[in-house]
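To start, the structure under review is shown below, and the notes come after it.
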Amino acid sequence: MVSRNRSGRAIWDDRAVSHLAELWKRLYSPAFIARILGLTVKTVGEAARRAGLPARTGLTLRTSCPSDNPFAVPENSTVAGQMVKKICRVTSRIFFVSPRDQKTVHCSLLGRRRLATYAAGFA
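Residue 57 in the numbering used here sits at position 56 of the sequence shown, and the numbers go up by one each step.
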C-alpha cells in the first residue's frame, strides 16, 4: 500500500494517505497499522499528524484484525465525522480537517511549511 523510494523510505502519496485514513477510521492502533504496512509506529504516527487525522484519545483501539481483510471492519462514525477530506492549494495533496475548519483551512501542514519557507526567502 505504501511505496518506497530507493533508500527504503515510505512515500506518502495520496493513495497511501487515503489507505491510512481508512485504517484510522476503523480504530486500528498505530502499532497494528505499522505492522500491516511494514513500517515503524513512529512513521505511521508522523504521517497521521501530517495528514491532519484526528486524535482518538478515549476510544478503544483495535490491535488485531478479526478477518483477513482489515477494511471489513465498520468505520467509527465519531472519527469519520471528524475527518473532512480536502486538497491542499499549495502541494495539491489530500489532507484532513475537522468540520469546523472546513471553510477556513486551505493548506496542509506541509503546505503551510512550504509557504513559510518561501516567505522567509529560503526558496
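No residue lacks a Cβ here, since even glycine has one placed at the ideal position from N, Cα and C.
Outcome for Ser-109 when other beta-carbon atoms lying within 10 angstroms are tallied against a minimum of 16: Your numbering for residue 109 matches position 108 in the sequence shown. Buried, since its Cβ has 16 or more Cβ neighbours within 10 Å.
Reduced DSSP secondary structure (H/G/I, E/B, other) of Val-106: Taking the sequence shown and counting its residues from 1, the one referred to as residue 106 is at position 105. Reduced to three states, the DSSP call for Val-106 is coil.
Given 8 Å, three or more beta-carbon pairs between the stretch 42 to 57 and the stretch 9 to 21: Contact check between the stretch 42 to 57 and the stretch 9 to 21: three or more CB pairs, one atom from each, fall below 8 Å, which counts as touching.
For Ala-49, the nearest candidate out of Lys-104, Ser-8, Trp-13 and Gly-112 (CA to CA): Locating residue 49 in the sequence shown gives position 48, where the first residue counts as 1. Closest by alpha carbon: Trp-13.
Sufficient close CB pairs (3 or more, under 8 Å) joining the stretch 40 to 49 to the stretch 103 to 122: Contact fails: fewer than three Cβ-Cβ distances are below 8 Å.
Beta bridge counterpart(s) of Arg-63 as assigned by DSSP: Numbered from its first residue, the sequence shown carries residue 63 at position 62. Note: Arg-63 sits in a beta bridge opposite Tyr-29.
Cβ-Cβ distance between Pro-100 and Val-80 below 8 Å: Indexing the sequence shown from 1 puts residue 100 at position 99. Indexing the sequence shown from 1 puts residue 80 at position 79. For Pro-100 and Val-80, no; Cβs fall outside 8 Å.
Residues near Glu-76 in its chain [Cβ-Cβ closer than 7 Å; skip 5 each side]: Residue numbering aside, residue 76 sits at position 75 when the sequence shown is read from its first letter. In chain order, Lys-26 and Arg-27 place their CB closer than 7 Å to the CB of Glu-76, counting only its own chain and leaving out the 5 sequence neighbours on each side.
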